[in-house]
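Participant: Provided herewith is a single structure, encoded as structure tokens, for subsequent inquiry.
Protein chains: 2
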Amino acid sequence: MSRSARLLDLVQILRRHRRPVSGRTLADAIGVSIRTLYRDIATLQGQGAPIEGEAGLGYVLKPGFMLPPLMFTDEEIEAIVLGSRWVAKQPDKRLAAAAADALAKIAAVLPDELRDDLDATTLLVGPRSENAEAIDLGIVRQAIRDERKLGFLYRDAGGAASKRLVWPFALAFFDKVRVMVAWCETRQDFRHFRADRMSGLATTGIRYPRRRQAMLKEWRAGLDAPDRNGAKDASG
Amino acid sequence: MSRSARLLDLVQILRRHRRPVSGRTLADAIGVSIRTLYRDIATLQGQGAPIEGEAGLGYVLKPGFMLPPLMFTDEEIEAIVLGSRWVAKQPDKRLAAAAADALAKIAAVLPDELRDDLDATTLLVGPRSENAEAIDLGIVRQAIRDERKLGFLYRDAGGAASKRLVWPFALAFFDKVRVMVAWCETRQDFRHFRADRMSGLATTGIRYPRRRQAMLKEWRAGLDAPDRNGAKDASG
DNA sequence: TCGCTGCTGCCAGAATCTGACAGCAGGTCC
DNA sequence: GGACCTGCTGTCAGATTCTGGCAGCAGCGA
Chain A
23 MSRSARLLDL VQILRRHRRP VSGRTLADAI GVSIRTLYRD IATLQGQGAP IEGEAGLGYV
83 LKPGFMLPPL MFTDEEIEAI VLGSRWVAKQ PDKRLAAAAA DALAKIAAVL PDELRDDLDA
143 TTLLVGPRSE NAEAIDLGIV RQAIRDERKL GFLYRDAGGA ASKRLVWPFA LAFFDKVRVM
203 VAWCETRQDF RHFRADRMSG LATTGIRYPR RRQAMLKEWR AGLDAPDRNG AKDASG
Chain B
23 MSRSARLLDL VQILRRHRRP VSGRTLADAI GVSIRTLYRD IATLQGQGAP IEGEAGLGYV
83 LKPGFMLPPL MFTDEEIEAI VLGSRWVAKQ PDKRLAAAAA DALAKIAAVL PDELRDDLDA
143 TTLLVGPRSE NAEAIDLGIV RQAIRDERKL GFLYRDAGGA ASKRLVWPFA LAFFDKVRVM
203 VAWCETRQDF RHFRADRMSG LATTGIRYPR RRQAMLKEWR AGLDAPDRNG AKDASG
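See below:
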């Protein structure tokens, strides 16, 4: 196995563990000595991987994605830059910042000439006109990532308010509004919720009992089937 | 110099040349023997770099970006995926395809677990409702990249049509429309053109005499200055 | 205090990379 | 056709890098 492949493997193994893992364990897993493992960890850290080691405990990898060397065509990089610029203009500030960070991260590792090309990518995104929602969508995204139940107050199209406890699994971005898709515990059905009609968002910390991938798949199947209605806007 | 850094350098040098470069030249440039150069080229090709070698001529790199190993946080990868999904829904088919390709390329090099996470990134983009423009925006983007003059027929808000020859340097994406920003040769001023009002697009193949970066900068300065009007919609 | 762990320096052996040479194939130019 | 340039592959010895084992220091918790 080549060294670069081994490094990717190492990240992968670290990623599987939430608790700290000892260097000894990691070294056994990838089949090298403990000494080489320390060198590999140092190399990965040098490449920007957020690996933290603590004496007496072990190593933890902050959640993240490791990409190997990659080649993009001009149009592909244009697409990525344009897309990230669009995200960078979203009202969801944390996500917008992440998009900007990602672009900066890519630019940082590029040679000067390529960086200039990136800056000069002349695809622009117009300003957004609609009002931002009152809630922090970052909380919704976090709840989706962690598969946690979410409580909030919802005001439907008619103006009637209701308290909700849901299992969120997707967030859809439309031109004007953002919509959370979730399984509603009270109604026992899929519902979608416009972000600008939600308030009093509260993460419960309680893990919901299904996988978000499975729920997404089921919801999509419901959308395709002609005899079903899929998710309804949460008025009922 | 480490081998990986050398490979990045090699791509960079190849990128500077539009004409084929001989292996001998490249080998001298990065300070290795011709034999090692062949090995490096093979390695790069193995990593997906579109380098083409022809006997009697030399090497050419198709336009593209090489990224070294890179680490992204969860939110950063969410932002990139969401952005690319948005681009993938643009009416500009070539750009949309490029966005899809870029995502596929990223997914292809990831270990299974990470790929699943990527697929399951539950940020969705809603469908686009507005009508697509009649022209192929890919031609506009190509003209911008190559800094070539562009001819077309423009129908302004009042319905009056006029023939135009412009120096395009930017393309702006709004919710409903896409707008090309260019220097208009006839009016001798910056103008912007709604893509849905353009027709009969024709690349001239003639390079315009300024750099697109410089024009973009000047145009932006015009937008900021309160006493100037920046680009006007091309009615005059 | 002890045990566990991260981390670094050192050094010899293993693995890889590199350069030189030879040879073949495909193109251009005369 | 012939001379020449170039890409590409095989082989092999020497240079370089990587690796594993050992020793030692430091931080943390019991």
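Protein chains in written order, with this note's numbering: chain A, 23 to 258; chain B, 23 to 258.
By construction, the Cβ of each residue, glycine as well, lies at the ideal position given by its N, Cα and C atoms.
Computed from a predicted structure; not experimentally measured.
If we require 3 or more residues per run, which beta strand (DSSP E) segments fall completely within the stretch 160-191 of chain A?
Facilitator: Fully enclosed beta strand (DSSP E) runs of 3 or longer: 170-177.
Participant: So for residue 28 (chain A), helix, strand or coil by DSSP?
Facilitator: Residue 28 (chain A) falls in the helix class under three-state DSSP.
Participant: Among the residues of its own chain, which have a CB less than 7 Å from the CB of residue 202 (chain A), if the five just before and after it don't count?
Facilitator: These residues qualify, in order along the chain: 162, 190, 193, 214, 215 and 217.
Participant: Please say whether residue 165 (chain A) and residue 208 (chain A) have beta carbons closer to each other than 7 Å?
Facilitator: No.
Participant: Answer yes if the stretch 97-104 of chain B comes into contact with the stretch 63-82 of chain B, meaning at least three C-beta pairs across the two stretches below 8 Å, and no otherwise.
Facilitator: Judged by Cβ distances under 8 Å, the stretch 63-82 of chain B makes no contact with the stretch 97-104 of chain B, as fewer than three pairs qualify.
Participant: Check whether the Cβ of residue 131 (chain A) lies closer than 7 Å to any Cβ atom in chain B.
Facilitator: With 7 Å as the cut-off, residue 131 (chain A) counts as an interface residue toward chain B.
Participant: Quick one: residues in its chain with C-beta nearer than 7 Å to the C-beta of residue 227 (chain B), no 5 flanking neighbours on either side, listed in chain order?
Facilitator: The answer, listed in chain order, is 170.
Participant: Does any residue of chain A bring its CB to less than 7 Å from the CB of residue 146 (chain B)?
Facilitator: Answer yes: the Cβ-Cβ gap between residue 146 (chain B) and chain A drops below 7 Å somewhere.
Participant: Cα-Cα, which of B:99, B:210 and B:197 is closest to residue 186 (chain B)?
Facilitator: Measuring from the Cα of residue 186 (chain B), the nearest candidate turns out to be B:210.
Participant: Which one or two residues does DSSP pair with residue 45 (chain B) in a beta bridge?
Facilitator: Answer by DSSP bridge pairing: none, since residue 45 (chain B) is not bridged.
Participant: Starting from residue 197 (chain A), trace the beta strand (DSSP E) both ways and give me its first and last residue.
Facilitator: It is not in any beta strand (DSSP E) - residue 197 (chain A) carries neither H nor E in the DSSP assignment.
Participant: Nearest CA to the CA of residue 173 (chain B): which residue from B:51, B:230 and B:119?
Facilitator: Cα-wise, what sits closest to residue 173 (chain B) is B:230.
Participant: Give me the chain B residues within the contact set of residue 55 (chain A), using Cβ-Cβ distance strictly less than 9 Å, ordered along the chain.
Facilitator: Result: empty, since nearest Cβ-Cβ is about 22 Å, beyond 9 Å.
Participant: Please check the pair residue 159 (chain B) and residue 117 (chain B), which I expect to be a contact at CB under 8 Å, by giving their CB distance rounded to whole angstroms.
Facilitator: Confirmed, about 7 Å.
Participant: Compare the beta carbon distance of residue 37 (chain B) and residue 83 (chain B) with 7 Å and say whether it is the shorter of the two.
Facilitator: Yes, Cβ-Cβ distance for residue 37 (chain B) and residue 83 (chain B) is below 7 Å.
Participant: For chain A, check one thing: does any of its Cβ atoms lie closer than 7 Å to the Cβ of residue 170 (chain B)?
Facilitator: For residue 170 (chain B), the answer is no, since every Cβ of chain A falls outside 7 Å of its Cβ.
Participant: Give me the residue from B:90, B:85 and B:60 with the minimum Cα distance to residue 77 (chain B).
Facilitator: Checking every option, the nearest Cα to that of residue 77 (chain B) belongs to B:60.
Participant: Report all residues from its chain with a CB closer than 7 Å to the CB of residue 267 (chain B); omit the five preceding and five following residues, and keep chain order.
Facilitator: Since the first residue of chain B shown is 23 and the last is 258, residue 267 (chain B) is not available in this structure.
Participant: From A:183, A:219 and A:62, pick the residue whose C-alpha is nearest to that of residue 199 (chain A); which is it?
Facilitator: If we check each option's Cα against that of residue 199 (chain A), A:219 comes out closest.
Participant: Counting only beta-carbon atoms, is residue 64 (chain A) nearer than 7 Å to chain B?
Facilitator: So, not an interface residue.
Participant: Buried or exposed for residue 29 (chain B), going by 16 or more other Cβ atoms inside 10 Å?
Facilitator: That one is buried.
Participant: Please report how far the alpha carbon of residue 188 (chain B) lies from the alpha carbon of residue 178 (chain B), in whole angstroms.
Facilitator: Roughly 15 Å separates the two Cα atoms.
Participant: Quick one: grab the DSSP three-state call for residue 155 (chain B).
Facilitator: The answer is coil: DSSP assigns residue 155 (chain B) none of H, G, I, E or B.
Participant: Could you tell me if residue 74 (chain B) is buried or exposed, where buried requires 16 or more neighbouring beta carbons within 10 angstroms of its beta carbon?
Facilitator: Label assigned to residue 74 (chain B): exposed.
Participant: Return the first residue and the last residue of the alpha helix (DSSP H) that residue 117 (chain B) is part of.
Facilitator: Run containing residue 117 (chain B): 115-131, per the alpha helix (DSSP H) assignment.
Participant: Taking just the CA atoms, how far does residue 130 (chain A) sit from residue 33 (chain B)?
Facilitator: Their Cα atoms are separated by approximately 17 Å.
Participant: I'd like to know whether the C-beta atoms of residue 89 (chain A) and residue 92 (chain B) end up nearer to each other than 7 Å.
Facilitator: Yes, the Cβ-Cβ distance between residue 89 (chain A) and residue 92 (chain B) is below 7 Å.
Participant: Can you check whether the C-beta of residue 215 (chain A) is within less than 7 Å of a C-beta belonging to chain B?
Facilitator: No, because no Cβ of chain B sits closer than 7 Å to the Cβ of residue 215 (chain A).
Participant: Would you say residue 143 (chain B) faces chain A, with C-beta separation under 7 Å as the test?
Facilitator: Cβ-Cβ to chain A under 7 Å: no for residue 143 (chain B).
Participant: Which residues does DSSP pair with residue 229 (chain B) in a beta bridge?
Facilitator: Partner(s): B:170.
Participant: Spell out whether any CB of chain B is found under 7 Å from the CB atom of residue 241 (chain A).
Facilitator: Residue 241 (chain A) does not count as touching chain B.
Participant: Looking at chain A, which residues of the stretch 116-131 of chain B have a Cβ within less than 7 Å of any of its Cβ atoms?
Facilitator: Cβ contacts with chain A come from 116, 117, 120, 121, 123, 124, 127, 128 and 131.
Participant: Measure the beta-carbon distance from residue 46 (chain B) to residue 56 (chain B) and round it to whole angstroms, keeping in mind my assumption that it falls under 8 Å.
Facilitator: Indeed they touch by this definition, with Cβ atoms about 6 Å apart.
Participant: How would you write the range of the alpha helix (DSSP H) that residue 339 (chain A) sits in, first residue to last?
Facilitator: The question about residue 339 (chain A) has no answer, for chain A in this structure spans 23 to 258.
Participant: For chain B, is any of its Cβ atoms less than 7 Å away from the one on residue 197 (chain A)?
Facilitator: So, interface residue.
Participant: List the endpoints of the continuous beta strand (DSSP E) containing residue 86 (chain B).
Facilitator: Looking at the DSSP string, the run of the beta strand (DSSP E) that includes residue 86 (chain B) is 86-89.
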